[in-house]
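**Student:** First, the structure itself, so that you have it in front of you.
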Amino acid sequence: MKIGIVCYPTFGGSGVVATELGKALAKVGHQVHFITYSQPPRLDFFNENLYYHEVNIPAYPLFQYPPYESALSSEMVHVAQYMKLDLLHVHYAIPHASSAYLAKQILAAQGIHIPVITTLHGTDITLVGKDSSYEPVVTFSINQSDGITAVSEFLKSDTYRHFAITKDIEVIPNFIDLERFKRQKKEHFKLAICPNGEKLVVHTSNFRKVKRIDDVIMIFHKLRKQIPSKLLLVGDGPERARIERLCMELDMYPDVRFLGKLDAIEEVLSVADLFLMPSESESFGLAALEALACEVPLITTNVGGLPELNIQGVTGFLSNLGDVDDMVAKAVVVLQDENLPKFKENALARAREFDITRILPAYENYYERILEASHSAH
Ligand code: GMT
Numbered sequence: 001m002k003i004g005i006v007c008y009p010t011f012g013g014s015g016v017v018a019t020e021l022g023k024a025l026a027k028v029g030h031q032v033h034f035i036t037y038s039q040p041p042r043l044d045f046f047n048e049n050l051y052y053h054e055v056n057i058p059a060y061p062l063f064q065y066p067p068y069e070s071a072l073s074s075e076m077v078h079v080a081q082y083m084k085l086d087l088l089h090v091h092y093a094i095p096h097a098s099s100a101y102l103a104k105q106i107l108a109a110q111g112i113h114i115p116v117i118t119t120l121h122g123t124d125i126t127l128v129g130k131d132s133s134y135e136p137v138v139t140f141s142i143n144q145s146d147g148i149t150a151v152s153e154f155l156k157s158d159t160y161r162h163f164a165i166t167k168d169i170e171v172i173p174n175f176i177d178l179e180r181f182k183r184q185k186k187e188h189f190k191l192a193i194c195p196n197g198e199k200l201v202v203h204t205s206n207f208r209k210v211k212r213i214d215d216v217i218m219i220f221h222k223l224r225k226q227i228p229s230k231l232l233l234v235g236d237g238p239e240r241a242r243i244e245r246l247c248m249e250l251d252m253y254p255d256v257r258f259l260g261k262l263d264a265i266e267e268v269l270s271v272a273d274l275f276l277m278p279s280e281s282e283s284f285g286l287a288a289l290e291a292l293a294c295e296v297p298l299i300t301t302n303v304g305g306l307p308e309l310n311i312q313g314v315t316g317f318l319s320n321l322g323d324v325d326d327m328v329a330k331a332v333v334v335l336q337d338e339n340l341p342k343f344k345e346n347a348l349a350r351a352r353e354f355d356i357t358r359i360l361p362a363y364e365n366y367y368e369r370i371l372e373a374s375h376s377a378h
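Residues 1 to 378 in full-length UniProt numbering are what the sequence shown spells out, letter by letter.
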């Protein structure tokens, strides 16, 4: 199959899911064409079946806002025509689903019929998409997609709740490559960060408000008074500078370290004892799955799709949004020497359920179904 994949070239979330999916599809023999405005960070290896097409957005003094969506649609048209794509799979509804709709119409006018699959990832629905500035376009373009997938049951229900969607949504969860995400022996690294045998707590995110990093800091602030521990914060984003100042005000250095954006996140997770995700909303929580794969138990909120991943008392614990004291109490339970090994073992067992080798066939089968329906319609 020849598949065009459109995504944001981000370090986490939808960009990573799209890129890892494309890589896995290429490995099993599909030809995959990435169409993005810059190279996705995880598109880091060579495979004869992988192609990358950069969307060119010419500057012009008239444009206060360059028309990215038009450039994206045009690139989709070029790639689909020239590479003879079988289908387009766009990740994150805004603006990818509407750009794909336009590309599909242009191609159809030339007698080329290419089905479009839209994968909903989270904030495209729960946060940005339902804003009235975007909602009509989002609703229309999701409904015009030939196939729609969501990364959790929660996101599927939330999509039906907030948008007038008239089609079936298929749930295909996020997945993990356990060949890459596995606990590695990095004892020297652990010793450098935790020289006195402290426990290591990790948070990774894009430092947006929805991640509630203040809660991460407050949990750790209280936790370290009960259990000697260190906190590593991985990633970057709008909240980072404010959070760094908060750590200074709370006199938390040197127990807290900001590592910025990292490619090899699995190396940090390999030495971690606990992962914190106190998010306000999380459609799935890919970063938490990456932690589980590296045998790191979780403390998360019980919002969104997180209860579909984190099992209460098994892979860690879930608390109500903002209940910092409860999260501290539960973190203390997880980090007890007599409890930690079992939580780590459970974490890996849970991650195995989301191994790419299990989820990839779900995407391939879905592609087949959508292609078949499209062929019989034309
Ligand atoms: O978490 C983010 O802010 C990034 C966002 C994205 O779209 O890149 O992540 C969303 O998609 C991920 C992949 O499907 C999910 O695992 C995340 O839970 C989801 N984020 C939110 O719902 C906040």
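Cβ coordinates follow ideal geometry from the N, Cα and C atoms, glycine included.
Determine the closest residue to Phe-343 out of Val-324, Ala-293, Glu-364, Ser-374, with distance taken between C-alpha atoms.
**Tutor:** Counting from 1 along the sequence shown, the entry for residue 343 is found at position 343. Checking every option, the nearest Cα to that of Phe-343 belongs to Ala-293.
**Student:** Between Thr-315 and the ligand GMT, is there a pair consisting of the residue's CB and a ligand heavy atom that are separated by less than 7 Å?
**Tutor:** Position 315 of the sequence shown, counted from the first residue, corresponds to residue 315. Checking every heavy atom of the ligand GMT against the Cβ of Thr-315, none is found closer than 7 Å.
**Student:** Which partner residues does Tyr-134 have in the DSSP bridge list?
**Tutor:** Along the sequence shown, one-based indexing puts residue 134 at 134. For Tyr-134, which the question treats as bridged, DSSP gives no partner whatsoever.
**Student:** I'd like to know whether the C-beta atoms of Gly-305 and Ser-283 end up nearer to each other than 8 Å.
**Tutor:** Start at 1 with the first residue of the sequence shown, and residue 305 comes out as number 305. Start at 1 with the first residue of the sequence shown, and residue 283 comes out as number 283. Cβ atoms of Gly-305 and Ser-283: closer than 8 Å.
**Student:** On the three-state DSSP scale, how would you describe Ile-311?
**Tutor:** Counting from 1 along the sequence shown, the entry for residue 311 is found at position 311. Note: Ile-311 maps to coil in three-state DSSP.
**Student:** Glu-290 and Ile-176 - do their beta-carbons sit closer together than 8 Å?
**Tutor:** Here residue 176 refers to the residue found at position 176 of the sequence shown. Here residue 290 refers to the residue found at position 290 of the sequence shown. Their beta carbons are under 8 Å apart, which means Ile-176 touches Glu-290 by this criterion.
**Student:** I need the DSSP call for Leu-360, collapsed to helix, strand or coil.
**Tutor:** Along the sequence shown, read from residue 1 onward, the residue named residue 360 stands at position 360. Correct three-state label for Leu-360: helix.
**Student:** Specify the secondary structure class of Met-277 as computed by DSSP and reduced to three states.
**Tutor:** Here residue 277 refers to the residue found at position 277 when the sequence shown is read from its first residue. It is a strand residue.
**Student:** Helix or strand or just coil, what does DSSP make of Gln-144?
**Tutor:** Here residue 144 refers to the residue found at position 144 when the sequence shown is read from its first residue. It is helical.
**Student:** Mind checking which residues open and close the alpha helix (DSSP H) that includes Glu-153?
**Tutor:** Looking up residue 153 in the sequence shown gives position 153. Residues 153-162.
**Student:** May I ask you to report which of helix, strand or coil DSSP gives Glu-244?
**Tutor:** What you label residue 244 is simply residue 244 of the sequence shown in a count that begins at 1. Of the three classes helix, strand and coil, the one that applies to Glu-244 here is helix, per DSSP.
**Student:** Hey, Glu-54 and Ser-99: beta-carbon distance below 8 Å or not?
**Tutor:** Taking the sequence shown and counting its residues from 1, one reaches residue 54 at position 54. Taking the sequence shown and counting its residues from 1, one reaches residue 99 at position 99. The answer is no: Cβ separation not under 8 Å.
**Student:** From Gly-13 to Ile-356, what distance separates their C-alpha atoms?
**Tutor:** Residue numbering aside, residue 13 sits at position 13 when the sequence shown is read from its first letter. Residue numbering aside, residue 356 sits at position 356 when the sequence shown is read from its first letter. So the two alpha carbons sit approximately 15 Å from each other.
**Student:** Assign His-91 to one of three DSSP states: helix, strand, or coil.
**Tutor:** Position 91 of the sequence shown, counted from the first residue, corresponds to residue 91. Note: His-91 maps to strand in three-state DSSP.
**Student:** Does the region 231-246 come within contact of the region 205-218, defined as at least 3 CB pairs closer than 8 Å?
**Tutor:** Contact holds between the region 231-246 and the region 205-218, because three or more Cβ pairs, one in each stretch, are under 8 Å apart.
**Student:** Quick one: what's Lys-230 bridged to in DSSP?
**Tutor:** For the purposes of this step, residue 230 is identified with residue 230 of the sequence shown, where counting begins at 1. According to DSSP, Lys-230 bridges with Leu-200.
**Student:** What is the DSSP secondary structure of Ser-98, counted as helix, strand or coil?
**Tutor:** Counted from its first residue, the sequence shown places residue 98 at position 98. It is helical.
**Student:** Rounded to the nearest angstrom, what separates Val-137 and Pro-173 at their Cα positions?
**Tutor:** Position 137 of the sequence shown holds residue 137. Position 173 of the sequence shown holds residue 173. Each residue's Cα considered, the two are about 25 Å apart.
**Student:** Assuming Lys-261 and Gly-285 make a contact with CB atoms under 8 Å, what is their CB distance in whole Å?
**Tutor:** Sequence index remark: in the sequence shown, residue 261 carries index 261 (1-based). Sequence index remark: in the sequence shown, residue 285 carries index 285 (1-based). Not a contact, Cβ separation roughly 19 Å.
**Student:** Sorry if obvious, but does the Cβ on Ser-279 come closer than 7 Å to a heavy atom of the ligand GTP?
**Tutor:** Because the ligand GTP does not appear in the structure shown, any question about it cannot be addressed here, the ligands present being the ligand GMT.
**Student:** Using only the alpha-carbon positions, how far apart do Lys-84 and Pro-115 sit?
**Tutor:** On the sequence shown, position 84 is the one that residue 84 refers to. On the sequence shown, position 115 is the one that residue 115 refers to. It is roughly 12 Å from the alpha-carbon of Lys-84 to the alpha-carbon of Pro-115.
**Student:** What three-state label does DSSP hand Val-171 in the structure shown?
**Tutor:** Indexing the sequence shown from 1 puts residue 171 at position 171. Residue state, collapsed to three classes: strand.
**Student:** Considering only the alpha carbon of each residue, which of Arg-212, Ile-5, Val-201 lies closest to Ala-80?
**Tutor:** Here residue 80 corresponds to residue number 80 of the sequence shown, with the count starting at 1. Comparing Cα positions, the closest option is Ile-5.
**Student:** Would you kindly report the start and end of the unbroken beta strand (DSSP E) that includes Lys-2?
**Tutor:** As a first step, residue 2 must be located in the sequence shown, where it is residue number 2. Unbroken beta strand (DSSP E) run through Lys-2: 2-6.
**Student:** Rounding to the nearest angstrom, what Cα-Cα distance links Lys-156 and Ser-281 in this structure?
**Tutor:** Here residue 156 refers to the residue found at position 156 when the sequence shown is read from its first residue. Here residue 281 refers to the residue found at position 281 when the sequence shown is read from its first residue. About 14 Å.
**Student:** Return the chain-ordered list of same chain residues with a C-beta closer than 6 Å to the C-beta of Ala-103, the five sequence neighbours on each side being excluded.
**Tutor:** As a working note, residue 103 is residue 103 in the sequence shown. Result list for Ala-103: Ser-73, Met-76, Val-77, in chain order.
**Student:** Does the count of Cβ pairs from the region 29-36 and the region 138-155 closer than 8 Å reach three?
**Tutor:** no
**Student:** Taking only runs of the alpha helix (DSSP H) that begin and end inside the region 33-116, which ones reach a length of at least 4 residues, in chain order?
**Tutor:** 68-83, 93-109
**Student:** Check Phe-207 in the structure and name its three-state DSSP category.
**Tutor:** Position 207 of the sequence shown, counted from the start, is the residue given in the question as residue 207. Coil, per DSSP.
**Student:** What's the C-alpha gap between Val-202 and Leu-231?
**Tutor:** Taking the first residue of the sequence shown as 1, we reach residue 202 at position 202. Taking the first residue of the sequence shown as 1, we reach residue 231 at position 231. Whole-angstrom Cα-Cα distance: 6 Å.
**Student:** Tell me the DSSP secondary structure of Leu-223 in three-state form.
**Tutor:** Start at 1 with the first residue of the sequence shown, and residue 223 comes out as number 223. In the structure shown, Leu-223 sits in a helix (DSSP, three-state: H, G or I).
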